[in-house]
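In my numbering, the protein residues as written are 757 to 1188.
In what follows, a single structure is set out as structure tokens and then discussed.
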């Protein structure tokens, strides 16, 4: 029969005490606070090993003084260079936060250090701080030169031909992305240049014009006109050209001259005549198009030297304006150019709208009456024509498109008397 051997109680007691001692030591180390930094402890490239909190603080503050004097951020964009000194943006090491983090990390790793036997060297990233508002101001000052507004697509007339220029996209700088990227560079305390590529889409975002303006593409020159300009100032002509050129008339809306030009100040020398010529050019450009109807148009009382009778319009009176209805069903654009001292107007459209020619028929001609005036400067039987006068007549305006002929309206021009000076009254005397 085998005898059972009992383990001595004292062995169990020793093992229990050892276990309790180890746990107590680990718990003690977990709450351990490092008072002096281990040798070969670095904050970035600054050796703060063997120093207590206050000594390490003094060393980092010395380095802060150096940073404020010499530290900088160099930004490269292509061949352009911009430098921001640390002093301009209050950039520095936050000494208190940096040391709190380093001492905290080392204290928390006390158990690991005990087990592994420690490390030869530890490098810690310092906590940097800077004034974000000042950095943003410096970034905007330098990068604003790269902002570029988009150039919308455009139409123009060159020698009677429609020329289309596609849109050129613009550039908008994302300042928030720059602050984030350059701020991260400052946090690293690196003195190397920050290079920003000009094709970096995160910084230089491409922008386009309002898409609402791109609904129509104008392809067809539907109608045109040409009116000779008088002796007017070139700057005034350019003002008229700028007001007319590029005007868009949506379907169902009105061609209205007062929305294109300032019709005030017509009493100024030469302006009344120039505005009337411009109005006539616009009128003759739109009227040949099918679906264009005159709503407000005033004819001249006399024949004008620059327009065929019946095809002119004048701006005068209290409600002086030119208004035409666009019932073509399409948007119309008015393009103009000044060439050879003439205002040339062109109406263009997205689709090919029927257009024709205008015919002005003269009828019901009335010879001018003659007015005689006795002049003491003339001898008996002598005559002198002072004014030839002008015959009166009616103009019937028709629009011809293909085989279709449409009568639009009639204008009446009253005769202007012929004035003749005589040496004696041409009237026969009554017999006695």
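Note that the Cβ used here is the ideal one computed from N, Cα and C, for glycine as well.
Can you list, in chain order, the residues of its chain with a C-beta nearer than 8 Å to that of residue 992? Leave out the 5 residues immediately preceding and following it.
Excluding residues within five positions, the ones whose Cβ falls inside 8 Å are 1026, 1027, 1030.
Are there 16 or more other CB atoms within 10 angstroms of the CB of residue 806, so buried, or fewer, so exposed?
Residue 806 is exposed by the Cβ-count criterion.
Am I right that residue 1036 and residue 1003 are in contact with their C-beta atoms under 8 Å? What's the rounded C-beta distance?
Actually they are not in contact, since the Cβ atoms of residue 1036 and residue 1003 sit about 16 Å apart, beyond 8 Å.
Determine the direct distance from the alpha carbon of residue 966 to that of residue 1106, and round the result to whole angstroms.
Cα to Cα, residue 1106 sits roughly 19 Å from residue 966.
Spell out a yes or no on whether the region 1123-1135 and the region 1091-1106 are touching, meaning 3 or more CB-CB pairs, one atom from each, closer than 8 Å.
Segments in contact, no.
Do you know offhand how far residue 1161's Cα is from residue 912's?
Each residue's alpha carbon lies about 32 Å from the other.
Decide if the region 956-966 is in contact with the region 1083-1095; the criterion is three or more beta carbon pairs, one per stretch, under 8 Å apart.
With a cut-off of 8 Å, the region 1083-1095 and the region 956-966 do not count as touching, because too few Cβ pairs lie within range.
Taking the alpha helix (DSSP H) that residue 1128 falls in, what are its first and last residues?
Note, residue 1128: premise wrong, no alpha helix (DSSP H); beta strand (DSSP E) at 1126-1130.
Just mark residue 822 as buried or exposed, buried being the case when its beta carbon has 16 or more other beta carbons within 10 Å.
Result: exposed.
I need the straight-line Cα distance from residue 979 to residue 1034, nearest angstrom please.
Computed Cα separation, rounded: 16 Å.
How long is the line joining the alpha carbons of residue 890 and residue 816, rounded to whole angstroms?
Roughly 24 Å between the two C-alpha positions.
Would residue 945 and residue 839 qualify as a contact pair, given that the criterion is a beta-carbon distance under 9 Å?
Against a cut-off of 9 Å, the Cβ pair of residue 839 and residue 945 comes out as no contact.
Exposed or buried, which one is residue 1155 when buried takes at least 16 other CB atoms within 10 Å?
Per the 10 Å Cβ criterion, buried.
To which residues of the same chain is residue 930 closer than 7 Å at the C-beta, ignoring the five residues directly before and after it?
So the list reads 958, 959, 961, once near-sequence residues are dropped.
Can you give me the Cβ contacts of residue 928 inside the same chain, cut-off strictly under 7 Å, excluding the 5 residues immediately before and after it?
Once the five neighbours on either side are set aside, the close Cβ partners of residue 928 are 903, 961, 963.
Less than 8 Å between the CB atoms is what I'm expecting for residue 882 and residue 800, so what's the real figure, rounded?
About 5 Å separates the two Cβ atoms, so the contact holds.
Between 791, 803, 826, 976, which has its C-alpha nearest residue 810's C-alpha?
Considering only alpha carbons, the answer is 791.
Could you check whether residue 1078 and residue 1152 sit closer than 9 Å to each other, using their CB atoms as the reference points?
No, these two residues do not count as a Cβ contact at 9 Å.
So, do the region 892-903 and the region 917-924 have three or more beta carbon pairs nearer to each other than 8 Å?
Touching, no.
Return yes when the Cβ of residue 983 is within less than 9 Å of the Cβ of residue 1089, no when it is not.
No; because the gap between Cβ atoms is not below 9 Å, this pair is not in contact.
Are residue 1086 and residue 1067 closer than 9 Å when you measure CB to CB?
No.
Taking residue 1093 as part of the beta strand (DSSP E), name the residues at either end of that continuous run.
It spans 1088-1095 - the beta strand (DSSP E) in which residue 1093 sits, taken as one unbroken run.
Going by alpha carbons, who is nearest to residue 1114 out of 854, 981, 925?
Checking every option, the nearest Cα to that of residue 1114 belongs to 981.
Which two residues bound the contiguous alpha helix (DSSP H) that contains residue 935?
Residues 931-943.
Please list the segments of the alpha helix (DSSP H) lying wholly inside the region 1008-1056, counting only runs of 4 or more residues, in order along the chain.
Counting whole runs of 4 or more residues, the region 1008-1056 contains the alpha helix (DSSP H) stretches 1027-1042.
Report all residues from its chain with a CB closer than 6 Å to the CB of residue 996; omit the five preceding and five following residues, and keep chain order.
For residue 996, where only same-chain residues beyond five positions count, the Cβ hits under 6 Å are 1034.
Contact defined as beta carbons within less than 8 Å: I believe residue 1059 pairs with residue 1169. What is the distance between those atoms, to the nearest angstrom?
That pair is a contact at about 7 Å.
Going by Cα to Cα distance, which pick from 1133, 1084, 986, 972 is closest to residue 908?
Checking every option, the nearest Cα to that of residue 908 belongs to 972.
Less than 8 Å between C-beta atoms, sequence neighbours within five positions excluded: which residues of the same chain meet that for residue 888?
Cβ neighbours of residue 888 beyond the five flanking positions: 935, 939.
Could you give the first and the last residue of the continuous alpha helix (DSSP H) run that contains residue 809?
Start and end: 809-826.
Tell me the DSSP bridge mates of residue 904?
Beta-bridge pairing links residue 904 to 927.
So if DSSP puts residue 1189 in a beta bridge, which residue, or which two residues, is it bridged to?
The question about residue 1189 has no answer here: the residues shown for the chain are numbered 757 through 1188.
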